[in-house]
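Trainee:
Numbering (this note's numbering), first residue to last: -11 to 128.
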């Protein structure tokens, strides 16, 4: 199960944003349409880990969710899904021989500092190639 968008962001802040996902061709169950866990945006951010528990992978996933509750949302090309930054969501596997492309837009209010900080340990465990390059650059 993929994580909410907020799981990637700085836990010292609160966020209020929406993501708009627009498929550039029909998004179906066969090619991996978006799937959402209803009402998950009302929960706190649940624990996550890198996909496959590989810290070199940028993507996050969680095991703390019952995916049987997911609602698949097939959408025609040019249609859209909209979700809150805390909504648990993922795109299913693409079982076709064709790529599935989409355009994603995120809109939100300015982030707000939290009075009580949170801890997202999965953010400290990640070590993608991009982050390694950034760390080398910061040391110079």
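All C-beta atoms, glycine included, are put in the ideal place defined by N, C-alpha and C.
So which of -5, 66 and 5 has the shortest CA-CA distance to residue 97?
Mentor: Comparing Cα-Cα distances from residue 97 to each of -5, 66 and 5, the minimum goes to 5.
Trainee: Does the distance from the CB of residue 0 to the CB of residue 105 come in under 8 Å?
Mentor: Yes, they are a contact pair.
Trainee: Please report the Cβ distance between residue 65 and residue 11, rounded to the nearest whole angstrom; I am assuming they are in contact, meaning their Cβ atoms lie under 8 Å.
Mentor: Going by Cβ atoms, the distance from residue 65 to residue 11 rounds to 6 Å, so yes, they are a contact pair.
Trainee: Count Cβ pairs between the segment 52 to 64 and the segment 12 to 25 that sit closer than 8 Å; are there 3 or more?
Mentor: Flag = yes, the segment 52 to 64 and the segment 12 to 25 touch.
Trainee: Find the nearest neighbour of residue 83 within the set 7, 19 and 2, judged by alpha-carbon distance.
Mentor: Minimum Cα distance to residue 83 is reached at 19.
Trainee: I need the straight-line Cα distance from residue 39 to residue 103, nearest angstrom please.
Mentor: If you take the alpha carbons of residue 39 and residue 103, they lie about 30 Å apart.
Trainee: If you draw a straight line from the C-alpha of residue 23 to the C-alpha of residue -4, how long is it?
Mentor: Their Cα atoms are separated by approximately 19 Å.
Trainee: Could you have a look at residue -4 and say whether DSSP puts it in helix, strand or coil?
Mentor: If DSSP states are grouped into helix, strand and coil, residue -4 belongs with the helices.
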